[in-house]
Structure formats: C-alpha cells, structure tokens
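Trainee: Numbering (full-length UniProt numbering), first residue to last: 1 to 296.
Cβ atoms here follow ideal geometry from the backbone N, Cα and C, with glycine treated the same way.
In this text the structure is predicted, and so the values were computed from the model without any measurement.
What follows is the structure in structure tokens.
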C-alpha cells in the first residue's frame, strides 16, 4: 500500500489547513472532478435549470411588484409560493449532500488504501451513506434553525459545531445522534478556532462564488438597463443555471476545508495520528531484529 502524500491526521494552524485544502484539491483534481461529474453534475444541473427558470420568472414579473409595497416583499412572497424555487432548493440540498459524500468518501478511501480511488469505490460509499446523510443534513438544518430562532448566538454555536457532522458520519461510521455528540465533543474548547477558520474559508468561498455568478449578474444588468441581450429569457436562464451549477461544484473547497478542520481537532482531542506514528516506529524497529534472528 502506497502511503498518502498528504497526511490528514495532523494538527494544523489556520494557514496550514488552507494550504492543505488547496493542495489536496490540486493534487486530486481529476479524480475528484470525475466523481463529481458522475454523481453531482446531474443533480446540480436540475438545480441550475429550476433556479434559472425561477429567476427568469421573477425578473419578468417584477414590474407588477408595486402592489406589494416593496421589491423585498414581492420576492419573499413569490419565493414562498414558487414551485420552481422549492424544487431548485431541494436539488441544491441534494447536490450539496452528494458532493460532500463524494469528497469525504474519496478522502476515507485515500487514507485507508493509499491507491488511486476509483469511481466504483466512491459509489459504494455513496450507496451506504446517502439516505442517512441526507436525513441528517435536514436534521442539522432544522436544529440550526431552531437554535437561531431561540437566539442568534446559540444558532451560530450549533452551526459551527455541526459543520463537521457529515465527515464525522462517513469517517467514523456513526449515526445521526452519535455524530451530533461527537461534533460537540470535538469543538468543545476549540469553538473559536473553528469559527475563525470557517469564517476565513467562507470569505474565500464567497469571493469565488461572486466570480462564478458574474455571467448571471451581467445579464441582470443588461436587462435592468434595457441593453441588447438583456431581454433574452433563454440567455438569462442559461447564465443563471451555469452560475448555480459551477457555484455548487466549487463548494468542494469548503467541504474539503471542513475535513482538515475535523482531522486537526481529532488529533488535538484524541492524538490518533501520533499513536499511529508511534506504532509504525515500533514496527520499523522490530523488523531488523527479526531479520537478524532469521539469519542466525
């Protein structure tokens, strides 16, 4: 077995985790992209199409928004009653879950077997974890929402702790309640570090997301200013769909970054990587002795 070139079980500071995140994505870009094209792209495509239809209809009907008193009230009302919006939201959620499973399954396989990860290997993990992870993601959203409704600060605390829920479930093969307990255990005493790290990663993701959304923004501006091409509904839908699809796929950055935070906290709390290194030293030291005895 070839050992992984990137060590996950290692305590890292903020800069090291960000460097490791982009280093891992760069090193494994092709196989990760292949898996994403198989398992995530069809769902992201559906999310993008319905999002494009919804946004196109929103802008087309915005001229009738005066009766609502404000554009904000109009968009809020139509968002709640739009089937396209809810279907887009559903496929966006499922796409994120699938992308998370692709990344975390790939990382687990990479760590445990140290060989090129095949699409069929990732698919085996996805089949095992998709339903429980999907339900757990919905449960996580509900918990964070309830905590936020009670008070903003508990909502933020719960959200930061549960950011690692999916990687905990896949790496440690835990159910929803066990994974919840494990997340709070890992983040205890390390919440501010985790919050700061996720904030930095979130800013990076937002900057990249803005760049990805530029095609849709350009079409919106053309339509608002009544410039050529702005009244083309097909162009608007295509631009919106493209931005949604690429934006979803780019969340591989955040998902991978969360994995490195998880492994860093595991090392802080449990020292698993250190124990493995000690055991490996023992095995290396024992090998020459055994060889010498055989020679005699």
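#1: If we ignore side chains and look at the alpha-carbon of each, how far apart do residue 268 and residue 185 end up?
#2: For residue 44, count the other beta carbons within 10 Å of its own beta carbon; 16 or more makes it buried, fewer makes it exposed. Which is it?
#3: Considering only their Cβ atoms, is the gap separating residue 31 from residue 97 smaller than 8 Å?
#4: Which value, in whole angstroms, describes the spacing of the CA atoms of residue 225 and residue 218?
#5: Just checking, does the region 109 to 127 make contact with the region 144 to 153 on the three C-beta pairs under 8 Å criterion?
#6: Between the C-alpha atoms of residue 101 and residue 15, what's the straight-line distance to the nearest angstrom?
#7: Should residue 243 and residue 179 be called a contact, given that it needs their Cβ atoms to be closer than 8 Å?
#8: Could you give the DSSP three-state label for residue 171: helix, strand or coil?
#9: Can you tell me which of the three DSSP states residue 188 falls into?
#10: Restricting to runs no shorter than 4 residues, where is the alpha helix (DSSP H) found entirely within the region 80 to 136?
#11: Kindly indicate which three-state DSSP category residue 56 falls into: helix, strand or coil?
#12: Tell me which residue opens and which closes the alpha helix (DSSP H) that residue 266 is part of.
#13: Would you check if there are 3 or more beta carbon pairs closer than 8 Å linking the region 17 to 37 to the region 252 to 260?
#14: State whether the region 162 to 173 contacts the region 204 to 213, with contact taken as three or more CB pairs (one from each stretch) at a distance under 8 Å.
#15: Could you tell me if residue 8 is buried or exposed, where buried requires 16 or more neighbouring beta carbons within 10 angstroms of its beta carbon?
#16: So is residue 113 buried or exposed if we call it buried at 16+ other beta carbons inside 10 Å?
Mentor: Reading off the structure:
#1: About 11 Å.
#2: Burial of residue 44 is indicated by the presence of at least 16 other C-beta atoms within 10 angstroms of its C-beta.
#3: Going by C-beta atoms, residue 97 is not nearer than 8 Å to residue 31.
#4: If you draw a straight line from the Cα of residue 225 to the Cα of residue 218, it is about 11 Å long.
#5: Inter-segment contact for the region 109 to 127 and the region 144 to 153 is absent: fewer than three beta-carbon pairs are separated by less than 8 Å.
#6: Approximately 25 Å between the Cα atoms of the pair.
#7: The answer is no: Cβ separation not under 8 Å.
#8: In the structure shown, residue 171 falls within a helical segment according to DSSP collapsed to helix, strand and coil.
#9: Correct three-state label for residue 188: coil.
#10: Note on the region 80 to 136: whole alpha helix (DSSP H) runs with a minimum of 4 residues are 83 to 113, in chain order.
#11: Helix.
#12: Residues 252 to 270.
#13: Enough Cβ pairs lie closer than 8 Å, so yes.
#14: The answer is no - the region 204 to 213 does not touch the region 162 to 173, with fewer than three Cβ pairs under 8 Å.
#15: Burial call: buried.
#16: Burial call: exposed.
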